[in-house]
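Shown next, in structure tokens, is the structure this report addresses.
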């Protein structure tokens, strides 16, 4: 493979991976404008984010079997087409209910891109190069939370929130063209592959019953929900409580993303010196302490804008370190059915995220208290699950390449 071909494949697969996160981050600065335009509240607008998370949860489980049955590209085309149609539907939404439904459908479509890209890495590149390829995809993915909200803030201020969804549709069209002309079909359709519910469900049950999986999947998934609490609450906290503009919010979001993305990269150095289980313990304890200080500061109203940003940054650093290690430990026992375990882990994280984002919207509080309270609850429960669950692990399988296991 030539270096030019290698770079092109990385960019296409990275774009597919980033489509879902980009769809989340880009419209966040438009929350207040969406609320005014659709005659509703920002808390109700946040439900469109919750429906997106729910759609991703369902899609994680849907596309794995389809990709094995029909090959990689046909389900990918179907998902991208669904995404484009739903994006136009979001643009045309005249009420919050329609936007919530369209966002759910958009998420189902975007999930095809994410699942297919990860699967195709295993098909196209040699196994020994997979870790390197995933690291490059993470770099492409990391650009999303830094670029998308900033662009979204400027687009919203200049042209209105509706144009964001047209831009997302155009991006999906360009990605589709790149897939058609430059991405090879990496796996032929398998007519013998069964899509009957029983074999698929039995595979998921076998994974769930593994103590190492459910301990680290639950602990990591609950801790990861702190990120969803931040994403769901941040438009209200920054643009309504602290009265920053949509442009400024985009820059704040990009800055805070450095904490999550940067700490996940720092983790690659930590795993060379310490075992993943020890890193998880330390990160969760730190997250509990920081979240408690954040909640106290929010209740006493003493943090201000800068203090709130610092506290969120530190919590996201803890999540960025915890997530890849819990993911790696959860998946470590599996070889033959690693795909099933991976899709189940991703679905579990998104399911918890959707519940948390709905919970945040129900608080209807013009403060950072709901965000900090959920972060403290999440980190405390995650630590408790870890302490109790690891007692059931008879033989622990050590994590491999934890720095590349983040979802």
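Numbering (this note's numbering), first residue to last: -19 to 387. Cβ atoms here follow ideal geometry from the backbone N, Cα and C, with glycine treated the same way.
- Assuming residue 270 contacts residue 295 (C-beta within less than 8 Å), just tell me the rounded distance between them. As a first step, residue 270 must be located in the chain shown, where it is residue number 290. As a first step, residue 295 must be located in the chain shown, where it is residue number 315. Rounded, the Cβ-Cβ distance is 6 Å, consistent with contact.
I need the straight-line Cα distance from residue 128 to residue 371, nearest angstrom please. Within the chain shown, the letter at position 148 stands for residue 128. Within the chain shown, the letter at position 391 stands for residue 371. Roughly 42 Å between the two C-alpha positions.
| Under a three-way DSSP split, which group does residue 233 fall into? | Here residue 233 is taken as the residue at index 253 of the chain shown, counted from 1. The answer is helix: DSSP assigns residue 233 an H, G or I state.
Tell me which residue opens and which closes the alpha helix (DSSP H) that residue 183 is part of. Against the chain shown, residue 183 aligns to sequence position 203. Here the alpha helix (DSSP H) through residue 183 covers 177 to 188.
Does the beta-carbon distance from residue 349 to residue 291 come in below 8 Å? Position 369 of the chain shown holds residue 349. Position 311 of the chain shown holds residue 291. It is not a contact, given that the beta carbons lie outside the stated cut-off.
Do the CB positions of residue 192 and residue 55 come within less than 8 Å of each other? The count along the chain shown starts at 1 and reaches residue 192 at position 212. The count along the chain shown starts at 1 and reaches residue 55 at position 75. Going by C-beta atoms, residue 192 is not nearer than 8 Å to residue 55.
Spatial neighbours of residue 207 within its chain, please: C-beta separation below 6 Å, excluding the five flanking residues on both sides.
By 1-based counting over the chain shown, the position of residue 207 is 227. These residues qualify, in order along the chain: 299.
Reference residue 203, options 59, 268, 284, closest by Cα: What you label residue 203 is simply residue 223 of the chain shown in a count that begins at 1. Nearest option by C-alpha distance: 268.
- When the Cα atoms are used, what is the spatial distance from residue 326 to residue 273? By 1-based counting over the chain shown, the position of residue 326 is 346. By 1-based counting over the chain shown, the position of residue 273 is 293. Using only the alpha carbons, I get a separation of about 30 Å.
What does the alpha-carbon distance come out to for the pair residue 233 and residue 126? Indexing the chain shown from 1 puts residue 233 at position 253. Indexing the chain shown from 1 puts residue 126 at position 146. Straight-line Cα distance between these residues: approximately 7 Å.
**Asked** CB-CB under 8 Å to residue 64, same chain, minus the five flanking residues each way: which ones, in chain order?
**Response** By 1-based counting over the chain shown, the position of residue 64 is 84. Here the set comprises 89, 149, 152, 153, 156.
> Excluding sequence positions up to five away, which residues of its chain have a Cβ less than 8 Å from the Cβ of residue 265?
Replying inline: As a working note, residue 265 is residue 285 in the chain shown. Only 363 meet the Cβ criterion.
**Item:** Rounded distance between the beta-carbons of residue 145 and residue 70, thought under 8 Å
**Value:** By one-based count along the chain shown, residue 70 stands at place 90. By one-based count along the chain shown, residue 145 stands at place 165. Indeed, because the Cβ distance is near 4 Å, the residues count as touching under 8 Å.
* Going along the chain, which residues of its own chain have a beta-carbon closer than 7 Å to the beta-carbon of residue 334, five neighbours each way excluded? -> Position 354 of the chain shown, counting from 1, holds the residue named residue 334. Here the set comprises 30, 33, 34, 37.
*Pick helix, strand or coil for residue 72, following the three-state DSSP scheme.*
Residue mapping note: residue 72 aligns to position 92 of the chain shown, counting from 1. DSSP places residue 72 in coil when its eight states are reduced to three.
Run of the alpha helix (DSSP H) containing residue 133, from where it starts to where it stops = What you label residue 133 is simply residue 153 of the chain shown in a count that begins at 1. Here the alpha helix (DSSP H) through residue 133 covers 124 to 139.
Taking only three categories from DSSP, how would you classify residue 281? Here residue 281 corresponds to residue number 301 of the chain shown, with the count starting at 1. Reduced to three states, the DSSP call for residue 281 is coil.
Leaving out five residues before and five after residue 216 in sequence, what residues of the same chain have Cβ atoms less than 6 Å from its Cβ? The sequence position of residue 216 within the chain shown is 236, counting from 1. Here the set comprises 22.
* So the alpha helix (DSSP H) residue 13 belongs to, where does it begin and stop? -> Numbered from 1 along the chain shown, position 33 holds the residue referred to as residue 13. Run containing residue 13: 11 to 17, per the alpha helix (DSSP H) assignment.
Over what stretch of residues does the alpha helix (DSSP H) that includes residue 23 continue unbroken? Numbered from 1 along the chain shown, position 43 holds the residue referred to as residue 23. Residues 22 to 50.
Is the beta carbon of residue 275 closer than 8 Å to that of residue 199? Position 219 of the chain shown holds residue 199. Position 295 of the chain shown holds residue 275. Contact: no.
According to DSSP, is residue 95 part of a helix, a strand, or is it coil?
Your numbering for residue 95 matches position 115 in the chain shown. Helix.
Element boundaries [alpha helix (DSSP H), containing residue 6] = Position 26 of the chain shown, counted from the start, is the residue given in the question as residue 6. Looking at the DSSP string, residue 6 is not in any alpha helix (DSSP H), and its letter there is neither H nor E.
Q) Mapping DSSP to helix, strand and coil, what is residue 388? A) In the structure displayed, the chain extends from -19 to 387; residue 388 sits before or after that span and is not available.
Worksheet item: Do residue 85 and residue 62 have their CB atoms nearer than 8 Å?
Response: Looking up residue 85 in the chain shown gives position 105. Looking up residue 62 in the chain shown gives position 82. With contacts defined by Cβ atoms closer than 8 Å, residue 85 and residue 62 form a contacting pair.
For a quick check, are the C-beta atoms of residue 131 and residue 6 less than 8 Å apart? Here residue 131 is taken as the residue at index 151 of the chain shown, counted from 1. Here residue 6 is taken as the residue at index 26 of the chain shown, counted from 1. Yes, these two residues count as a Cβ contact at 8 Å.
Length of the line joining the Cα atoms of residue 240 and residue 172: Position 260 of the chain shown holds residue 240. Position 192 of the chain shown holds residue 172. When rounded, the distance between both Cα atoms is 42 Å.
* To do: May I ask you to report which of helix, strand or coil DSSP gives residue 254?
  => Residue mapping note: residue 254 aligns to position 274 of the chain shown, counting from 1. In this structure, residue 254 counts as coil in the three-state DSSP scheme.
Can you list, in chain order, the residues of its chain whose CB lies under 8 Å from that of residue 45, leaving out five sequence neighbours each side?
To locate residue 45, count along the chain shown from 1; it is residue 65. Excluding sequence neighbours, residue 45 sits near 173, 175, 180.
**Report entry** Simplified DSSP assignment, three categories, for residue 388
**Finding:** The question about residue 388 has no answer here: the residues shown for the chain are numbered -19 through 387.
Rounded to a whole number of angstroms, what is the C-alpha to C-alpha distance between residue 305 and residue 284?
-> Numbered from 1 along the chain shown, position 325 holds the residue referred to as residue 305. Numbered from 1 along the chain shown, position 304 holds the residue referred to as residue 284. Distance between the alpha carbons of residue 305 and residue 284: 33 Å.
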